[in-house]
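Everything in the sequence shown is counted per the UniProt record's numbering, starting at 1 for the first residue and increasing by one.
Ideal Cβ positions, reconstructed from N, Cα and C, are used throughout, including at glycine.
If you're wondering where the values come from, they're calculated on a predicted model, not measured in any experiment.
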Amino acid sequence: MNFTAIDFETATGYHPCSVGIVTVQNGIIIDEFVTLIKPPNNEYNPFTTRVHGIYPKDTVNSKSFFQVYPEIEKRLKNRVVVAHNESFDRNVLMKSMLLHGLNYEDLNIASQWECTVKIYKAKGIKPTKLSDCCREMKIQLNHHEALSDARACAKLYMLR
1 MNFTAIDFET ATGYHPCSVG IVTVQNGIII DEFVTLIKPP NNEYNPFTTR VHGIYPKDTV
61 NSKSFFQVYP EIEKRLKNRV VVAHNESFDR NVLMKSMLLH GLNYEDLNIA SQWECTVKIY
121 KAKGIKPTKL SDCCREMKIQ LNHHEALSDA RACAKLYMLR
C-alpha cells in the first residue's frame with residue numbers, strides 16, 4: 001500500500017494558506033510535511049479564517065505556493081494521491097500550479113485522485129465529513145489542521 005495523502009487549507013477560493021502531506025510506503029507512514037503558505041496579497045476570507053484559525057499575521061512571512069511547490073512536487077510526483085473530498089484539494093493544487101505557470105501533467109499523477117469521501121460513502125457512513133469518518137473509525141483528528149487532516153485521510157484510506 002503506497003500512496004500520498006494531501007490536505008490544503010485555503011485563505012480565499014482556491015488559494016492555499018497551508019498544506020499537509022503524508023507519505024505511506026508499504027502501509028507505513030514514512031514522511032509527513034506541513035507548512036504555512038502565504039496566499040496572494042496575504043488576503044483571507046473571514047469565513048475560512050473561522051474554519052481553520054489561520055490569519056494573515058500567521059502567513060505574512062511564509063513562503064508563497066511557488067516557493068513551497070518543490071516540497072509538494074517531490075512528495076506527489078509519480079504517486080497515487082488520496083484526499084478527503086479529492087476534487088477540492090485537486091482543484092486547489094491544479095489552480096495554484098496554473099497561476100504560477102507550473103504544469104500539472106509534469107507530476108505524472110491521476111487526473112482524478114482516490115477519495116475517502118467516496119470510499120466511506122460507499123461503505124454507508126453518513127455524513128461523510130472527515131470528522132464523522134474519523135469518529136466512526138476511531139481516528140484521532142484535530143480538524144482543519146492540514147497535517148492532522150492529511151494523516152487522518154491516510155489512515156482512513158489504509159482502513160478501507
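Cut-off 7 angstroms between Cβ atoms - residues of its own chain near residue i, not counting five sequence neighbours on either side
i	result
residue 117	84, 85, 128
residue 58	36
residue 108	77, 78
Straight-line Cα distance separating residue j from residue i
i	j	result
residue 81	residue 73	12 angstroms
residue 110	residue 18	22 angstroms
residue 46	residue 12	9 angstroms
residue 14	residue 28	30 angstroms
residue 139	residue 156	8 angstroms
residue 132	residue 142	12 angstroms
residue 41	residue 126	38 angstroms
Residue nearest to residue i in terms of C-alpha spacing, selected from the options
i	options	result
residue 20	87, 27, 4, 158	4
residue 36	29, 27, 53	53
residue 124	137, 113, 114	137
residue 144	71, 26, 51	51
residue 1	79, 62, 89, 98	79
residue 89	31, 62, 114, 106	114
Distance cut-off 8 angstroms: residue i Cβ against heavy atoms of the ligand PLP
i	result
residue 39	In the structure on display, the ligand PLP does not appear, and there are no ligands present to speak of.
Under 9 angstroms between C-beta atoms of residue i and residue j
i	j	result
residue 134	residue 152	yes
residue 60	residue 147	no
residue 8	residue 93	yes
residue 39	residue 10	yes
residue 112	residue 96	no
Close-in-space but distant-in-sequence residues of the same chain around residue i (CB under 6 angstroms, 5 per side omitted)
i	result
residue 154	5, 22, 24
residue 31	23
Proximal residues to residue i (C-beta, below 8 angstroms), its chain only, five neighbours per side dropped
i	result
residue 44	11, 12, 17, 54, 55, 56
Cβ contact (3+ pairs, closer than 8 angstroms) linking the segment 65-79 and the segment 90-102: Pairwise C-beta distances place the segment 65-79 in contact with the segment 90-102, as three or more of them are shorter than 8 angstroms.
Segment contact, 8 angstroms Cβ cut-off, at least three pairs: the segment 118-125 with the segment 143-160: Cβ pair count under 8 angstroms is three or more, so yes.
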